[in-house]
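Numbering (my numbering), first residue to last: 13 to 321.
And the structure:
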């Protein structure tokens with residue numbers, strides 16, 4: 013029996029539109045916990061972490077949220093680290109994508125003695141700004157940079173001072189909207205970026221299989237963070253920052269199942285559901301189907317990466 017620890021990460025102040033803070037509660041009320049229950053999994057809501065701050069209306073106001081986001085990240089990292097130490101699989105529902113700082117800082121820290129963490133980052137954006145390069149000051153545009161060790165120390169040093177992932181262990185999938193400074197940082201570091209056009213050319217199944225191979229190479233375990241804005245707005249209108257020409261839903265459930273089926277799959281994160289912008293609940297239904305796909309693929313054997321508390 014695989015135990016899933018469902019963790020709500022209700023944060024919205026990292027974005028210009030703070031409606032994503034309502035995402036975890038909306039998906040829980042829509043039945044997220046039930047969709048994670050299978051004959052081979054046992055799921056429980058173990059934490060529901062909330063940061064009650066509104067999104068700022070200026071760059072300086074958004075950057076002023078850094079201490080609050082850092083504290084939220086520490087609490088979330090404690091939750092995911094504890095889950096991994098128990099040999100469970102944390103599933104985090106955000107919240108804007110700044111929550112990834114906490115999610116993956118905790119997972120990486122828990123695995124530190126076993127080895128590095130690999131990370132598949134599915135997103136319309138690169139999320140690789142720092143406070144110095146971001147024109148908007150929106151912290152949800154900074155989490156990947158922070159996990160790579162770049163940016164504000166309060167974000168890069170959650171649980172420990174080391175970078176949480178190494179560039180060669182990260183693959184970004186679906187990117188199509190970003191600023192030159194973000195791409196310059198990732199190119200300098202050597203992070204692999206598979207844009208939405210390449211996914212369309214090669215097919216999601218092949219792209220994901222290749223990404224899994226890379227993030228499993230010389231790592232203890234890997235995880236997946238999925239920003240719902242990776243999808244085209246026609247498929248997922250209920251997101252914080254929609255971008256046209258996105259991924260279709262076709263094949264994503266199978267691609268995520270391929271990840272979760274692997275014994276070295278450590279954690280899953282689904283972010284940026286904004287119920288204010290959903291239309292007829294189609295984004296919520298998609299999110300729930302994807303959660304169910306992950307849960308349905310988890311096998312009962314103990315995680316290969318499991319660490320002692």
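Just so you know, even glycine gets a beta-carbon here, dropped at the ideal spot from N, CA and C.
These numbers come from a predicted model, not from an experiment.
Asked: Opening and closing residue of the alpha helix (DSSP H) in which residue 224 lies; Found: 216-228
Asked: Residue environment, residue 307, which counts as buried when at least 16 other CB atoms sit within 10 Å; Found: buried
Asked: CB of residue 31 within 9 Å of CB of residue 214, strictly; Found: no
Asked: Own chain partners of residue 318 with C-beta closer than 6 Å, once the 5 adjacent residues on each side are dropped; Found: In this predicted model, residue 318 has a pLDDT of only 47, less than 50, meaning its place in the structure is not dependable; the value taken from the coordinates is given anyway. The answer, listed in chain order, is 99.
Asked: C-alpha gap between residue 24 and residue 34, whole angstroms; Found: 8 Å
Asked: Where residue 319 sits in the DSSP three-state scheme; Found: Because the pLDDT of residue 319 is 46, which lies under 50, any placement of that residue in the model is unreliable, and the number read from its coordinates should be weighed accordingly. Three-state DSSP puts residue 319 in coil, outside helix and strand.
Asked: Anticipated Cβ contact below 8 Å, residue 119 with residue 279, distance rounded; Found: 5 Å
Asked: Beta-carbon proximity list for residue 160, same chain, < 7 Å, skipping 5 on both sides; Found: 175, 177, 179, 201
Asked: Start-to-end residues for the alpha helix (DSSP H) that takes in residue 94; Found: 78-97
Asked: Nearest-angstrom Cα separation, counted from residue 257 out to residue 310; Found: 31 Å
Asked: Among 300, 168, 139, nearest to residue 203 - alpha-carbon criterion; Found: 139
Asked: Own chain, CB closer than 6 Å to residue 244, minus 5 neighbours either side, in chain order; Found: 258
Asked: Own chain residues within Cβ distance below 6 Å of residue 89, not counting five before or after; Found: 114, 117, 118, 170, 171
Asked: For residue 29, three-class secondary structure by DSSP; Found: coil
Asked: Which of helix, strand or coil DSSP assigns to residue 138; Found: coil
Asked: 6 Å CB neighbourhood of residue 321 in its chain, flanking five on each side removed; Found: Annotation note: pLDDT 40 at residue 321 (below 50); position unreliable, coordinate value reported separately. So the list reads 97, once near-sequence residues are dropped.
Asked: Residues that residue 285 bridges to, as DSSP identifies them; Found: 251
Asked: Cβ contact check for the stretch 181-188 and the stretch 212-230: 3 or more pairs under 8 Å; Found: yes
Asked: For residue 116: DSSP bridge partner residues; Found: Residue 116 pairs with nothing; no bridge assigned.
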